[in-house]
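Comments concern the structure below.
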Amino acid sequence: MMVGIPFNVPFLAVAALIGIAFYIILSQRNLIKLVMGLGIMASGVNLFLVTLGYREGGVAPIYTHAPIERMVLPVPQALTLTSIVIAVATLALMLSMVVHIYRHTGSIDSEESRTMKG
Amino acid sequence: MATLEFGLDFWNPIVCITAFLVLIAGTYLLRSRGQKKYKKGTAQTQIFLSGEEPPSVEQRHIKAHNIYWGFFQALKGYYDPTIKAHTGIINDYIIWFTAIATATAAILFIVG
Amino acid sequence: MDKLITHSPILIIAIPLLAAFLTPLISRVNEKARDVLVITTLAFVEFLVIILARDIYANGIHIYTLGASSPTLTIPEQYMVPVRIILEVDAMSIFMGIISATVSLAAAVYSLSFMKEETGRDRFYTLLLLMIVGMFGMEFTGDMFNLFVFLEIASISGAALAAFRTRFTDAVEGGFKYIIISSAGALVVLFSVGIFYAQYNLLNIAALAQVIQYTMLDKIALALLVIAFAMKLGGVPLHMWVPDTYAAAPAGITAMLVVSSQACMYALFRVCFTLYGVTLNMATVGWIVIILGMLSMFVGVTMAIPQIDIKRLMSYHAISQSGYMLLGVGVGLAVLGNPEALATYGREAMSGGIFHIINHALYKGLLFLTAGALFYRTGTRDLNKMGGLGHNMKFTSIFFIIGALSISGIPPFNGFASKIMIYESVYRFNPILAVIAMLVSIITLASFTKAFQSAFTGPQLPQYKDVKEAPRSMLIGMGILASIIIFFSLFPGLIVGWIVYPAADALINQAIYISAVMGG
Chain A
887 MMVGIPFNVP FLAVAALIGI AFYIILSQRN LIKLVMGLGI MASGVNLFLV TLGYREGGVA
947 PIYTHAPIER MVLPVPQALT LTSIVIAVAT LALMLSMVVH IYRHTGSIDS EESRTMKG
Chain B
2 MATLEFGLDF WNPIVCITAF LVLIAGTYLL RSRGQKKYKK GTAQTQIFLS GEEPPSVEQR
62 HIKAHNIYWG FFQALKGYYD PTIKAHTGII NDYIIWFTAI ATATAAILFI VG
Chain C
547 MDKLITHSPI LIIAIPLLAA FLTPLISRVN EKARDVLVIT TLAFVEFLVI ILARDIYANG
607 IHIYTLGASS PTLTIPEQYM VPVRIILEVD AMSIFMGIIS ATVSLAAAVY SLSFMKEETG
667 RDRFYTLLLL MIVGMFGMEF TGDMFNLFVF LEIASISGAA LAAFRTRFTD AVEGGFKYII
727 ISSAGALVVL FSVGIFYAQY NLLNIAALAQ VIQYTMLDKI ALALLVIAFA MKLGGVPLHM
787 WVPDTYAAAP AGITAMLVVS SQACMYALFR VCFTLYGVTL NMATVGWIVI ILGMLSMFVG
847 VTMAIPQIDI KRLMSYHAIS QSGYMLLGVG VGLAVLGNPE ALATYGREAM SGGIFHIINH
907 ALYKGLLFLT AGALFYRTGT RDLNKMGGLG HNMKFTSIFF IIGALSISGI PPFNGFASKI
967 MIYESVYRFN PILAVIAMLV SIITLASFTK AFQSAFTGPQ LPQYKDVKEA PRSMLIGMGI
1027 LASIIIFFSL FPGLIVGWIV YPAADALINQ AIYISAVMGG
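Sequence order for the protein chains is A, B and C.
Take the first sequence: its letter number 52 is residue 938 in our numbering, and every next letter is one higher.
Take the second sequence: its letter number 25 is residue 26 in our numbering, and every next letter is one higher.
Take the third sequence: its letter number 228 is residue 774 in our numbering, and every next letter is one higher.
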């Protein structure tokens, strides 16, 4: 069903972005870097969605430009916009929490700043 | 309305509560036959510990971490690694997630 | 009234959303008016949920298409597939809706006095209402992407609420851990939604369920979805965030986080039963769910015993009890392809698991609220520092006993009713699983005995001589849940017949869910 995608380059980029993001999240103990990793992961998933929306020879669904009868259904673009907005909100919340953690514990290392375990 | 029927079995809380009430009535009957002729406010109502002075209030209450000590001691081989696995580090949580997701995908590929 | 029922799916989501953004405004005028607004909104939502539930049990699945000229017009003219966002409320969705509405109402009433000392309470209620919006959205939606959006709404507001008391180090840490695992999980869910869209150009669950092939990509999506939701609901070994977050959150919010986790469990069941349904290899996926459930039960309860923080202890029990639901419904999933086994014990196992969801939401909510009352009056969650509180906090101890007996599955409480359904049917599936489940129940009783003994019994400690009973609104919040528990305990047959069996049948009958949207 994946018609009309000439090269797999965008998908390789998606894989690279998500791979980098997972590498960062799994290996970096710095909380800011962790948040950056999640940001990169969000970008990777967004790129995936946008890539899915590409149709070769499709017409962009802008009403003044497109012929009425045939144009691309703009669902993936709508999904991506929503997902970007959500990612911004999550990132802002996470960063503000990192600030609070730093104020309380004086550290942004995920091992040194934790108080609960076991 | 109160009866829950399932499979070959049934469960009715009203029957159970009635049984409990009978038991409670019996217990109360036994208790009411106990000694009533003691003097309140005298040494008869004090704690008696072989003539020793009873410990202070804080000492008398068993603290939470002393309870089931033997249980943990007996299951040390299970508890030590399990508690150790709960590191509280957020990276480890995501490592578990990645590992289990990969394992599940592998199982689905192999088994079907 | 008919119009109200027709539009109630969207009203249940839209009214709290509107009220959420009204609260800061009204807060500027009058604090009392804001409290009244929050409680009235939730009470009205509860009313809407109940009338919608009555309609669903009488007339079947309720469809609401957003933006269409008529709410039941699912597929636009000249289209083959639904393109609009559709809310699809069946008996299982409304079952979860009843839980969310009831527990949030009790939690909100409780929070009125619990959060009295905090600043920024207008934002607190905004977040609380948003979290309710997220939960209802997840439960009512018939659209995969919409599920992701509401999952994120519930996660973001839940994390912000968990970290609301930023003056405590552990609160911020718990909130941070929650948002990290939530957003990682939600991104994985979004990725799976992308996989579906890539293959089928569809987002609607019913439309997807009709065409899904169980290809290689679908298997990846299934693994990602199952494990992402398993992490959100706190299944072992993905559970480690649960004690951190639940323990640190304000007590009312912890009760709601439990419900929010159960909304994720609902999403897991919806994906397995409705989205994949008969296409997948039921035995494999069923056993994955069962093993997750067994691990959760056993590790959760054994980790609960050594805890000395009362809310951490209860959080581990929340993990352990989720295991019962996964076990019950997992057995149903494993035998879904075998009509005979499904009829003899599969449906019973699923009903037991589903009944346990509502029981758990009630008694675990109640227990977290009593723990919050203890914290409110003593200023500590450490069981080592407590003792003899039963002398002064009589109602709280009674509520604690009700919750503790119910969670340990002691007859005649409702926890026993759902557990015996699970034991009986799982025993016929595999006796060893049932034996382990009973063992876990015994250890649960042991650890609640420990909690009760250290907090409530013993001589009155001098530092707690002047401890007072919890404030009235907290008692009302706990009383709502306790009275529902007693009602459920007395009439399990009524409850199971009225709401649990329809919910189990809604999960089993995938075809009805599909035809409600696709027609035919």
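Built from N, CA and C at the ideal position, the CB exists for glycine as well.
CB of residue i within 8 Å of CB of residue j, strictly
{"i": "A813 of chain C", "j": "L693 of chain C", "result": "yes"}
{"i": "I1031 of chain C", "j": "F959 of chain C", "result": "yes"}
{"i": "V679 of chain C", "j": "I699 of chain C", "result": "yes"}
{"i": "V804 of chain C", "j": "G898 of chain C", "result": "no"}
{"i": "A895 of chain C", "j": "G918 of chain C", "result": "no"}
{"i": "L879 of chain C", "j": "G823 of chain C", "result": "no"}
{"i": "D790 of chain C", "j": "G720 of chain C", "result": "yes"}
{"i": "A1049 of chain C", "j": "A560 of chain C", "result": "no"}
{"i": "G954 of chain C", "j": "S987 of chain C", "result": "Gly is not the amino acid found at residue 954 of chain C; the sequence shown has Ser there. Yes, the pair counts as a contact, with Cβ atoms nearer than the cut-off."}
{"i": "L841 of chain C", "j": "V782 of chain C", "result": "yes"}
{"i": "Y671 of chain C", "j": "V575 of chain C", "result": "no"}
{"i": "A901 of chain A", "j": "I926 of chain A", "result": "no"}
{"i": "E997 of chain A", "j": "R915 of chain A", "result": "yes"}
{"i": "A776 of chain C", "j": "L784 of chain C", "result": "yes"}
{"i": "S943 of chain C", "j": "F1002 of chain C", "result": "yes"}
Beta-ladder partner(s) of residue i, from DSSP
{"i": "E53 of chain B", "result": "B:L50"}
{"i": "I632 of chain C", "result": "C:T611"}
{"i": "L5 of chain B", "result": "B:W12"}
{"i": "Y916 of chain A", "result": "Checking the sequence shown, residue 916 of chain A turns out to be Asn, not Tyr. Answer is A:D995."}
{"i": "D689 of chain C", "result": "C:N750"}
{"i": "D855 of chain C", "result": "C:D928"}
Closest by C-alpha distance to residue i, when choosing among the options
{"i": "G846 of chain C", "options": "C:P977, C:I865, C:K857", "result": "C:I865"}
{"i": "A829 of chain C", "options": "C:A793, C:L888, C:A797", "result": "C:L888"}
{"i": "V582 of chain C", "options": "C:S1019, C:P628, C:R600", "result": "C:S1019"}
{"i": "H553 of chain C", "options": "C:L568, C:A589, C:S616, C:T586", "result": "C:S616"}
{"i": "L872 of chain C", "options": "C:D716, C:K1014, C:F844", "result": "C:F844"}
{"i": "N884 of chain C", "options": "C:I558, C:P1048, C:N827, C:L697", "result": "C:N827"}
{"i": "V734 of chain C", "options": "A:A928, A:I911, A:K919", "result": "A:A928"}
{"i": "A978 of chain A", "options": "A:M1002, A:M922, A:A901, A:L959", "result": "A:M922"}
{"i": "A1016 of chain C", "options": "C:M984, C:Y922, C:R574", "result": "C:Y922"}
{"i": "M677 of chain C", "options": "C:T665, C:E663, C:S1061, C:A708", "result": "C:A708"}
{"i": "C810 of chain C", "options": "C:G933, C:G643, C:S964, C:P1008", "result": "C:G643"}
{"i": "T88 of chain B", "options": "A:L935, A:F908, A:T1001", "result": "A:T1001"}
{"i": "L749 of chain C", "options": "C:I632, C:I727, C:N605", "result": "C:I632"}
{"i": "G666 of chain C", "options": "C:Q745, C:P570, C:S650", "result": "C:P570"}
{"i": "Q759 of chain C", "options": "C:I773, C:L821, C:F1033, C:H785", "result": "C:L821"}
{"i": "F691 of chain C", "options": "A:G992, A:M983, A:Y988, A:A964", "result": "A:A964"}
{"i": "R761 of chain C", "options": "C:S573, C:A1057, C:Y746", "result": "It should be pointed out that residue 761 of chain C corresponds to Thr in this sequence rather than to Arg. Nearest C-alpha to T761 of chain C: C:Y746."}
{"i": "A997 of chain C", "options": "C:L784, C:M860, C:I596", "result": "C:M860"}
{"i": "R61 of chain B", "options": "C:K1014, C:S1035, C:N1055, C:G1004", "result": "C:G1004"}
{"i": "I556 of chain C", "options": "C:F686, C:S729, C:N1055", "result": "C:F686"}
{"i": "S1035 of chain C", "options": "C:G688, C:I956, C:Y603, C:V635", "result": "C:I956"}
{"i": "G869 of chain C", "options": "C:I856, C:E886, C:V881, C:I837", "result": "C:I837"}
{"i": "A599 of chain C", "options": "C:I572, C:L619, C:I551, C:G613", "result": "C:I551"}
### Message
Just to confirm the assignment: which complete alpha helix (DSSP H) runs, minimum length 4, are found wholly within the segment 960-999 of chain C?
### Response
For the segment 960-999 of chain C, the full-length alpha helix (DSSP H) segments reaching 4 residues or more read 960-975 along the chain.
### Query
Hey, which unbroken runs of the beta strand (DSSP E) at 3 residues or more fall wholly within the segment 55-105 of chain B?
Fully enclosed beta strand (DSSP E) runs of no fewer than 3 residues are not present anywhere in the segment 55-105 of chain B.
### Query
Any residues in the segment 670-699 of chain C with a beta carbon nearer than 7 Å to a beta carbon of chain A? Which ones, in chain order?
The residues in question are F691, V695, E698.
### Message
Quick check on the DSSP output: what are the complete alpha helix (DSSP H) runs of length 4 or more inside the segment 664-739 of chain C, in order along the chain?
### Response
If we require 4 residues or more, the alpha helix (DSSP H) runs fully inside the segment 664-739 of chain C come out as 667-686, 690-708.
### Residues, ordered as in the chain, of the segment 1035-1066 of chain C that lie near chain B by beta-carbon distance below 9 Å
Of all residues in the segment 1035-1066 of chain C, S1035, L1036, F1037, P1038, G1039, L1040, I1041, V1042, G1043 have a Cβ within less than 9 Å of some Cβ in chain B.
### Task
Output, in sequence order along the chain, the residues in the segment 87-106 of chain B whose CB is closer than 7 Å to any CB in chain A.
Listed in chain order, the positions of the segment 87-106 of chain B with a beta carbon within less than 7 Å of a beta carbon of chain A are H87, T88, G89, I90, I91, N92, I95, I96, T99.
### Query
In the segment 786-820 of chain C, which residues sit with their C-beta less than 9 Å from some C-beta in chain B, listed in chain order?
Residues passing the 9 Å Cβ filter: M786, W787, P789, D790.
### Query
Mind listing which residues of the segment 840-852 of chain C have their C-beta closer than 8 Å to chain E's C-betas, in chain order?
The displayed structure is made up of protein chains A, B and C, and chain E is not among them.
### Query
Going along the chain, which residues of the segment 50-74 of chain B sit with their C-beta nearer than 8 Å to a C-beta in chain C?
Those residues of the segment 50-74 of chain B that come within reach of chain C (Cβ to Cβ, closer than 8 Å) are V58, E59, R61, H62, I63, K64, A65, H66, I68, Y69, F72, F73.
### Task
Kindly provide the ranges of any alpha helix (DSSP H) runs that are 4 or more residues long and lie completely inside the segment 794-882 of chain C, ordered along the chain.
Qualifying alpha helix (DSSP H) stretches, in chain order: 797-815, 828-850, 856-880.
### Query
Any residues in the segment 933-962 of chain A with a beta carbon nearer than 8 Å to a beta carbon of chain C? Which ones, in chain order?
Per Cβ criterion, the list reads F934, L935, L938, L959, V961, P962.
### Query
When you check each C-beta in the segment 700-723 of chain C against every C-beta of chain A, which residues fall closer than 7 Å?
Cβ contacts with chain A: I702, A705, A706, A709, T712, T715, D716, V718, E719, G721, F722.
### Message
Output needed in chain order: residues of the segment 727-743 of chain C with a Cβ under 7 Å from some Cβ in chain A.
### Response
Listed in sequence order: S729, A730, L733, L736, F737, G740, Y743.
### Query
Which residues, taken in chain order from the segment 557-576 of chain C, show a beta carbon closer than 8 Å to some beta carbon of chain A?
Residues passing the 8 Å Cβ filter: none.
### Under 9 Å (Cβ pairs) to chain B, residues found in the segment 916-945 of chain C
Along the segment 916-945 of chain C, the positions whose C-beta sits under 9 Å from a C-beta of chain B are D928, L929, N930, K931, M932, G933, G934, read in chain order.
### Query
Just by C-beta distance, which residues in the segment 900-915 of chain A are closer than 8 Å to chain B?
Residues of the segment 900-915 of chain A whose Cβ lies closer than 8 Å to any Cβ of chain B, in chain order: F908, I911, L912, S913, Q914, R915.
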